[in-house]
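Protein chains: 2
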Amino acid sequence: MTNKPSLHTSLSPALLNLYDVSNSIVVIIDVLRATSTIATALYNGAKCVIPVDSVTRCMEIGRQIEGITAGERDGQIAEGLEYGNSPFEYPREFIKGKTLVLTTTNGTRLLHMALEKGAKEVVTGSFPNLSAVCDHLQEKNQHVILGCAAWKDRVNIEDMLFAGAVISRIGKQFSINCDSSHIALAMYEKANKDMFAFMKKNEASHYHRLMNFGLEDDIRYCLTADGANVLPRYEDGKLVIN
Amino acid sequence: MTNKPSLHTSLSPALLNLYDVSNSIVVIIDVLRATSTIATALYNGAKCVIPVDSVTRCMEIGRQIEGITAGERDGQIAEGLEYGNSPFEYPREFIKGKTLVLTTTNGTRLLHMALEKGAKEVVTGSFPNLSAVCDHLQEKNQHVILGCAAWKDRVNIEDMLFAGAVISRIGKQFSINCDSSHIALAMYEKANKDMFAFMKKNEASHYHRLMNFGLEDDIRYCLTADGANVLPRYEDGKLVIN
């Protein structure tokens with residue numbers, strides 16, 4: 001027997017209820033691009049990021065707190081909002097000291113699910129903050145669920161790769177009786193020399209979608225480790241760093 | 243645009259509702275060991291296999307039709323049934339001309355879900371009947387859903403590997419806009435030289451479970467292509483071959 005804490009990977013929000021959320025730290029993973037953008041905005045000095053699940057709610061809260069409203073639908077800035085989902089829209093000179101109200105569909109939904117199921121702690125993970133996530137999980141030494149936001153519940157490659165990257169770095173500290181985690185690790189080991197090329201070769205659906213919008217730089221940034229190495233934690237309706 | 247039929251992989255019964263089942267051939271995949279045993283029994287001359295979801299129902303139908311009742315719970319023949327889940331229990335000299343009433347949890351549940359959602363056709367797939375499945379799908383040239391039975395809704399490695407094997411052989415004939423399928427293919431390509439070793443190395447949960455019951459031979463057989471190369475089709479409550 002082992003005294004190590006457990007680690008599980010939930011490949012889709014539709015699978016989250018299989019795991020013991022209430023006893024775990026849940027890492028929300030939405031690599032392209034919500035959680036990468038959240039890490040970036042906070043790294044660049046945003047006061048906090050408020051994740052909301054609809055454009056209407058985004059506008060409403062934006063007005064109430066004079067925040068920056070952001071979100072896309074079908075690759076365009078959503079009607080009524082000011083900015084999009086790209087991490088490059090949030091450089092320090094723009095976002096410092098401001099509150100970003102961000103509407104995303106998959107990531108926000110998963111985050112709210114984790115909260116409803118009573119997650120001990122909710123943090124967000126992406127390659128730009130890979131080390132911060134790993135350091136935190138290692139230090140806490142508690143049960144972990146790596147929660148992939150996926151795409152309308154469909155499993156995606158990039159969120160799985162991030163789960164694999166975390167497991168590759170700190171998996172030995174956990175007891176992992178979870179095929180999804182072992183699959184994620186095997187995929188990451190196969191991909192990690194050039195994840196961009198891996199996404200292309202394996203026809204990742206988001207790769208195609210974002211390339212069609214001319215967003216190659218976004219993809220490359222979102223697959224690169226530690227460009228915005230902070231740990232967003234959910235606290236009272238907001239994502240903040242210490 | 244393409245005129246090819248689509249192919250999707252559903253990694254867990256909990257994800258099946260994301261796909262257009264009513265318009266597709268659904269392949270039920272439960273590699274360790276339900277669908278391997280079904281192919282084997284039919285290959286060895288069983289009249290048909292009746293998949294049922296509970297031990298009680300298995301006993302009931304077994305009595306009504308004087309069939310062979312089979313099924314395991316926690317690695318033991320379930321109380322009240324006669325045989326277990328191993329393909330080796332069904333050699334020709336025993337099973338020829340008989341009806342096998344088999345209770346499995348994951349595979350049977352998925353099969354009934356596919357029927358309820360109005361699948362065009364339901365067949366079962368496993369490595370022992372890999373070629374028969376591929377030939378059939380290729381010939382039919384219709385939309386396909388590769389449905390992994392998984393383990394209590396948790397994604398497993400071996401069912402994903404079988405999906406990958408099918409895609410590796412006939413994927414080019416289909417339009418595949420499905421990350422799960424691309425992941426399955428990438429995993430299969432990584433594993434296919436020695437799938438047994440891959441299962442061991444990647445700590446597949448069923449590998450451990452069955453090894454603990456002393457069932458290495460079962461695992462090896464269930465990971466070997468074409469040992470029982472027939473196509474079980476679901477028809478009026480039974481799985482039959484032509």
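Sequence order for the protein chains is A and B.
Residues in the first sequence are numbered from 1 upward in steps of one, following the numbering used here.
Residues in the second sequence are numbered from 243 upward in steps of one, following the numbering used here.
Just so you know, even glycine gets a beta-carbon here, dropped at the ideal spot from N, CA and C.
Residue i at chain A interface by Cβ criterion, 8 Å
i                      : result
residue 263 of chain B : no
residue 363 of chain B : no
residue 297 of chain B : no
residue 358 of chain B : no
residue 385 of chain B : no
residue 405 of chain B : no
residue 278 of chain B : no
residue 434 of chain B : no
residue 316 of chain B : no
residue 444 of chain B : yes
residue 328 of chain B : no
residue 447 of chain B : yes
residue 402 of chain B : yes
Helix, strand or coil at residue i [DSSP, three-state]
i                      : result
residue 476 of chain B : strand
residue 142 of chain A : coil
residue 154 of chain A : strand
residue 72 of chain A  : strand
residue 137 of chain A : helix
residue 464 of chain B : helix
residue 19 of chain A  : coil
residue 240 of chain A : strand
residue 389 of chain B : strand
residue 296 of chain B : coil
residue 347 of chain B : coil
residue 61 of chain A  : helix
residue 77 of chain A  : strand
residue 364 of chain B : strand
residue 273 of chain B : coil
residue 418 of chain B : coil
residue 423 of chain B : helix
residue 10 of chain A  : strand
residue 285 of chain B : helix
residue 196 of chain A : helix
residue 404 of chain B : helix
Closest Cα partner of residue i within the set the options
i                      : options                    : result
residue 268 of chain B : B:353, B:282, B:348        : B:353
residue 79 of chain A  : A:89, A:66, A:56           : A:56
residue 300 of chain B : B:289, B:290, B:312        : B:312
residue 124 of chain A : A:218, A:32, A:212, A:6    : A:32
residue 162 of chain A : A:217, A:3, A:130, A:209   : A:130
residue 480 of chain B : B:292, B:279, B:316        : B:292
residue 7 of chain A   : A:196, A:203, A:172, A:99  : A:172
residue 379 of chain B : B:411, B:369, B:402, B:355 : B:411
residue 340 of chain B : B:452, B:284, B:477        : B:284
residue 374 of chain B : B:245, B:475, B:429, B:260 : B:475
residue 307 of chain B : B:286, B:343, B:338        : B:343
residue 105 of chain A : A:54, A:214, A:216         : A:54
residue 456 of chain B : B:406, B:432, B:305, B:328 : B:328
residue 304 of chain B : B:338, B:324, B:418, B:435 : B:324
residue 103 of chain A : A:96, A:226, A:77          : A:77
residue 355 of chain B : B:462, B:261, B:464        : B:261
residue 477 of chain B : B:357, B:452, B:444        : B:357
residue 193 of chain A : A:3, A:177, A:165          : A:165
Contact under 8 Å by Cβ, residue i with residue j
i                      : j                      : result
residue 270 of chain B : residue 364 of chain B : yes
residue 180 of chain A : residue 397 of chain B : yes
residue 205 of chain A : residue 119 of chain A : no
residue 107 of chain A : residue 46 of chain A  : no
residue 395 of chain B : residue 15 of chain A  : yes
residue 333 of chain B : residue 466 of chain B : no
residue 5 of chain A   : residue 143 of chain A : yes
residue 135 of chain A : residue 148 of chain A : no
residue 184 of chain A : residue 40 of chain A  : no
residue 432 of chain B : residue 190 of chain A : yes
For residue i: DSSP bridge partner residues
i                      : result
residue 290 of chain B : B:341
residue 84 of chain A  : In DSSP, residue 84 of chain A forms no bridge with anything.
residue 267 of chain B : B:363, B:386
CB contact check: residue i to chain B, cutoff 8 Å
i                      : result
residue 18 of chain A  : yes
residue 177 of chain A : yes
residue 156 of chain A : yes
residue 14 of chain A  : yes
residue 6 of chain A   : no
residue 11 of chain A  : yes
residue 187 of chain A : yes
residue 182 of chain A : yes
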